[in-house]
Structure formats: C-alpha cells, structure tokens
Amino acid sequence: MSVGTDDIVKSPLPLGGNALTRIWAMVLRYWYLTRSSGPRILELAYWPTVQMSIWGFIQTFLAQQSSYFAQALGVLLGAVMLWDVLLRGQLGLSITFFEEVWSRNLGHLMVSPLRPIELIAALMTTSLIKTLIGLVPTSFLAMWFFGFNIYGIGLALVAFFFNLILFGWGVGLIVSGLVLRYGQGAESLAWALTFALAPLCGVYYPVSVLPEFLQVFSYVLPPAYIFEGMRNIVVEHRLDMSLLIKASLLNVTLISGAAALFYRFLRSAEVRGTLLQIGE
Amino acid sequence: MDGLFLSLPFADDCAMIPLSDPVLHVDGLTKSFGPVAAVGGISFDARRGETVGLLGGNGAGKTTTLSMLLGLVRPTSGTIRILGAQMPRERHLALPHMNFESPYVDLPKRLTVRQNLEVYGRLYGVRQVRKRAEEIAEELELSDLLNRPAGMLSAGQKTRVGLAKALINRPQLLLLDEPTASLDPDTADWVRHYFEDYRKQHNATILLASHNMSEVERLCDNVLMMRQGLIVDRGAPGALIEKYGRASMEEVFLDVARGTGRWGELQEERGPEVQEQIAGEGLPL
C-alpha cells in the first residue's frame, strides 16, 4: 500500500524510556504489590523479630552461664541479625521473581523493552528495600529489649551488610535461574539452598570448629569471612580488613557468575519456548 | 528525503526506516523443539497499515510464530526484521514500538488497572504516563475500573485492560493472539471495531492470530494459512474464498485443515515442485 508523508504526522507516541525508567517501573510494580497486602508488609519484619527475640533470650541465658558470652555481649544477636540480611536479601530477590512466575506475567515483561540486566537490577533494589523494612525495626527492638546496638559495629556494618546482601542476591539469582530452567519444582530451593549453606558460613561459631574438609568449602563462601570479621569486632574490638577484602572479591565473582547463569537459563527458556508456560 | 523516512523517537537509540519498507519481514523462519519441527520455514512481510491474519488449526505453528516475533522463543534459523531492526539481536530497537495482547497471558492481578497501565507505560518509555493511562482507559471505556485490582475483573474487562496495556505505547506493530476469545459477541464486535479504528488512525500494522473466521474476514487485508508449521496458502480473504469456491473463510479453513475440497484438488494441480515452493516461501500474494 502507498504511504504518504501524512503518516509522519500520525507517527507514534513520543517515547523517552531508558534503563533507569524501566528499573524504576519494575521497582514501582513490586512496591504496589507489597503495599497491596498488609500481611506481606508485616511478614517482612515478623520473622527477623522472632529470630532476634529467640537468640536474644538464648544469649541472655548464656551470658549468665559463660564468661565468653558475658564478655562478648551481642555476638549471637549480631550473628542472627547479619544472617537475616543474607537470608532476607536472598528471599527478597527470589520471591519477588517468583511473583512474576505466579502471576504469569513473565511473558508480558519479556516482550517489553525491559532488558534482563534491568530486571535483575530491579529485583536487587526491591530486595534491598524489603530487607531494610524488615531489619531496621528489628535492630531498634534489639537495642530496646537486649541492649545490643548493632550500629556500634560502626562503618564496618555497611561493608558487612552489602557483602551479605550481595551473597544473598547471588544465591537468589541462581535459584531464580533454576526456576527458569526447571520450572516451579525448583522453587523450594529458595528456602533450602541458603539454609544448606548456613552450617558452612560459621554464623554462630568460628569456622575453625568445623572438620578440616568442611573448612575448605567454608573459605569459598564470602559470609564465612564476614561473620569472622563481625566476631572480631564484637569480641576483640578490631577490624580485620583482609577478611573484608576476601569476602568482597569472592562476592564479585559469585554475583557475576550468578548473573551469567540467570542470563543463560533465560536464553535456554527462550530456546525451549517455556517462558509463556512457566507458572501454569 | 526526510519525508521518505519514519523517525522512531527512542530516548537512548535512534533508528530510521524507509516508509516503503515492510514493518515486519520474516524470511525462512524455522523452529524445532528436538525432533519436532513446529515451524518449518516460513516467509512473509507485513506492510504499514496492513492487517495480516495468521490462520491454522491447533498445532499449526501460529503461537510459535508469534512467540518468535516477540522474542519469547528463539528461532532455530531464519530472519526476522521488525521496523528495520534485526531480531532478536536488535530487539531493544523494535520492542518500544510494538506490543502484544493475548487473553492467555495475565497482567498482575493484585495491581489495579491504573497501576498496571502506569508500570507498563513506564516500561515502554511513555512520557506523561499517568495522563496516557487515563486517556487510553477512556478510549477503551475503562475509566470506572482504573482503581480496581486486575484480578477482580470479568473476562471482557480483562481483555479490554489487556488491550489498554497493548496500546499504552501506541505501537506501530500490534501482535494479537486470539484477542476476542472468551468474549461475548457484543464485546467482541466492539473490540474488532476498535482495532479497525486504531489501524486507520495510526496507520498501524496488525498481525492477528485467530480462530474466528468472521473476525478474519472483517479485519484482515491478507491471510496466511498455516498447516503443520508451514504457510500453505495466502491471499486476501475474498480472493481465497473465490479461489476455493467457498462461501466463507470458515469453509476455506476447513478445506485446508482437513485437506479436503478445493484444497486437495489444488495440491494435485500444483505438483511437487510448487508444493516445495509453498513449504519454503509460501505462495506469492
């Protein structure tokens, strides 16, 4: 058919999108979803508070029985709160991705201009927001109930926080990728995988108490260095920068590998034509 | 020379395509799932302002073809060019200017209609997205539903919301997968009327996969008949009806799907050489 220059007058809507506006659109989508349900918001702080309470009372009891815990006030509370950074960060990413699977919305997203890297950035941002909503109130409750001020760790807390959440995001991306590859049957890994790694991360005890063959695995896990560093600060009041550097380097490797794996599984879902079926 | 080109206003990219070029160009497209050839090598063009129907029975390869055009499925081989962009490599150039609607793909149920439109508007880079959401809602008679969660809508309302999402970026290429399935005749007629108006107003290109033959007759300039992953015939609905000596597209569809009537005779007349051509490129329009 012939086309005249009039068509230019009727040319499409002026569009002005870029990566940031698309990431913001997705963060907004997840925020709308979260705020649409009171229980969802409550749940963000519920489990961290329950965990903190249990370990706070255990620590109070142990402090009465042991000189180590009496001196190292907060070592267990610090551990459980930092562990929750990792866990909430991972769940915040995985569950947010699963929301797309459960609502069968992946098809719409994948045909929109949203790029996979932007989706990952939006998932991470949302996970960060959810983790902060869950943990900041818990940290103040820990001060109030047990006299433990996690902010007393100082600037190192920021480094600990980002290293742990980065590790959580890495695990979350791997789990999300596995769901893309193997379908919803892989969802249970979201809860299982992090807990399976917990004994090796030395959350509540030094890695040195593990059998030697397990210590090898521990030292490739960034959280093992972070929890070691946290105990150094709480017990010995010193910051070992080498632990932070090792954790950061391992995390950069992990997150790059996890993002590559997610991207590969996404491409594999495109090749197998399963993107529209995921969630059915 | 400017008049011969359509400028696509990307924020971070800019592409120019000659107006005379097809909006959609497909060449030798195949898709195999293991040993099964879902699409066996199809070629076609869709020009600006044209509505092309993709017809075929269940398993004919329509959905796989649409999915490949959208980038949801990677082709095994072949070329797809949309608005001059090579897919899937340059999909970021084409995707802001196309959109898709299917009653089989949901929008987030817990978000309100307004929130859904706002989110998708932002994803497509629509400026003044709230205003645009209200504008498209008014066009599709959804204004009263804007604050209702998408999961609480009737089938007809969901279809209209899906359509609003598909039109939020005023696409130049609109891909529709059975857009009026599960709609009552009145709503379906309204939706078809809307498509006709939209195409005229915006000179848009529509690719329509449908099982509703009266819809195809009414909306499509050209029809691609698919069977077993191949385009086995093509042409304007009126021309196909005449060619097959039938009274409607429904009867033509049945002939092709069952391999009976004029279709069977045509196959014999064509001989193996022409049949091979059909398999490779389809018949010329």
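First to last, the protein sequences are chains A and B.
Counting in the working numbering, the first sequence runs from 1 upward without gaps.
Counting in the working numbering, the second sequence runs from 1001 upward without gaps.
Glycine included, C-beta positions come from ideal geometry on N, C-alpha and C.
* **6 Å CB neighbourhood of Gly170/A in its chain, flanking five on each side removed** => Excluding residues up to 5 positions away in sequence, Leu254, Ile255, Ala258 lie with their Cβ nearer than 6 Å to the Cβ of Gly170/A in the same chain.
* Asked: Grouping DSSP H, G and I as helix and E and B as strand, with all else coil, what is Lys1109/B?
  -> coil
* At a Cβ cut of 9 Å, what residues of the stretch 13–40 of chain A count as close to chain B, listed as they run along the chain? -> Leu13, Pro14, Leu15, Gly16, Gly17, Asn18, Ala19, Thr21, Arg22, Trp24, Ala25, Met26, Leu28, Arg29, Tyr32, Leu33, Ser36, Ser37
* Output the distance between the C-alpha atoms of Leu1174/B and Ser242/A, rounded to the nearest integer angstrom. => 56 Å
* Asked: Leaving out five residues before and five after Glu1281/B in sequence, what residues of the same chain have Cβ atoms less than 6 Å from its Cβ?
  -> Residue placement at Glu1281/B is flagged as unreliable, the pLDDT there being 47, under the threshold of 50; the coordinate-derived value follows with that caveat. If we look at Glu1281/B and ignore the five residues flanking it on each side, its Cβ neighbours are Ser1043.
* Asked: Terminal residues of the continuous beta strand (DSSP E) containing Glu1101/B?
  -> Residue range 1098–1101 is occupied by the beta strand (DSSP E) that includes Glu1101/B.
* Verify the CB distance criterion: does Leu1224/B have a CB-CB separation below 7 Å to chain D? => Of the protein chains in the structure, A and B, none is chain D.
* For Ala1181/B, three-class secondary structure by DSSP -> Residue state, collapsed to three classes: coil.
* What's the C-alpha gap between Leu119/A and Ala1133/B? -> Going by the C-alpha atoms only, they are around 23 Å apart.
* To do: Check whether the Cβ of Met124/A lies closer than 7 Å to any Cβ atom in chain B.
  => no
* Would you identify the three-state DSSP class for Val1256/B, choosing helix, strand or coil? => helix
* Asked: If you draw a straight line from the alpha carbon of Leu62/A to that of Arg231/A, how long is it in whole angstroms?
  -> Distance between the alpha carbons of Leu62/A and Arg231/A: 16 Å.
* To do: With DSSP as the reference, label Ala1046/B as helix, strand or coil.
  => strand
* To do: Ignore the nearest five residues each way along the sequence and tell me which others in Leu15/A's own chain have a CB closer than 8 Å to its CB.
  => none
* So Ile1231/B is in the beta strand (DSSP E); what residue range does that whole segment cover? -> 1230–1235
* Asked: Is Leu77/A closer than 7 Å to Trp55/A when the C-beta atoms are compared?
  -> yes
* **chain B contact for Val235/A (CB, 7 Å cutoff)** => no
* Three or more C-beta pairs below 8 Å linking the stretch 1103–1112 of chain B and the stretch 1043–1059 of chain B -> no
* Contained beta strand (DSSP E) runs [length at least 3] in the stretch 41–110 of chain A, N- to C-terminal order -> none
* To do: Would you kindly work out how many angstroms separate the C-alpha atoms of Leu1230/B and Gly1059/B, rounded to a whole number?
  => Those two C-alpha atoms are separated by around 11 Å.
* **Proximity below 7 Å, CB of Gln90/A to CB of Gly168/A** => yes
* Between Leu114/A and chain B, is there a C-beta pair that is closer than 7 Å? -> At least one C-beta of chain B is nearer than 7 Å to the C-beta of Leu114/A.
* To do: Could you tell me whether the Cβ of Val101/A comes closer than 7 Å to any Cβ of chain B?
  => no
* Beta-carbon separation (whole angstroms), Gly1071/B vs Met1226/B, contact threshold 8 Å -> Wrong, their Cβ atoms sit about 20 Å apart, outside the cutoff.
* Asked: Roughly how far, in whole angstroms, is the beta-carbon of Glu1101/B from the beta-carbon of Ala1166/B, given that I think they are within contact range, below 8 Å?
  -> That belief holds up - the Cβ atoms of Glu1101/B and Ala1166/B are roughly 4 Å apart, short of 8 Å.
* To do: Starting from the beta carbon of Asp1106/B, find every residue of chain A whose beta carbon is closer than 7 Å, and list them in chain order.
  => Ser103, Arg104, Asn105
* Asked: When you check each C-beta in the stretch 264–280 of chain A against every C-beta of chain B, which residues fall closer than 8 Å?
  -> Arg267, Glu270, Val271, Arg272, Gly273, Leu275, Leu276
* To do: Determine whether the Cβ of Phe1100/B lies closer than 7 Å to any Cβ atom of chain A.
  => yes
* To do: Quick one: list the residues of chain A neighbouring His1092/B, beta-carbon separation under 8 Å, in chain order.
  => At a beta-carbon threshold of 8 Å, the residues of chain A lying near His1092/B are Pro113, Arg115, ordered along the chain.
* Span of the beta strand (DSSP E), counted from its first residue to its last, around Ala1085/B -> 1085–1087
* In three-state DSSP terms, what is Ser1032/B? -> strand
* **Any C-beta of chain A under 7 Å from that of Arg1199/B** => no
* **Residue nearest to Ala1209/B in terms of C-alpha spacing, selected from Thr1030/B, Lys1031/B, Leu1055/B** => Leu1055/B is the residue among Thr1030/B, Lys1031/B, Leu1055/B whose C-alpha sits nearest the C-alpha of Ala1209/B.
* To do: Report yes if the CB atom of Gln51/A is closer than 7 Å to the CB atom of Val27/A, and no otherwise.
  => no
* At a Cβ threshold of 7 Å, is Met81/A touching chain B? -> It does not: the Cβ of Met81/A has no partner Cβ on chain B nearer than 7 Å.
* What's the C-alpha gap between Val1161/B and Val1113/B? -> 7 Å
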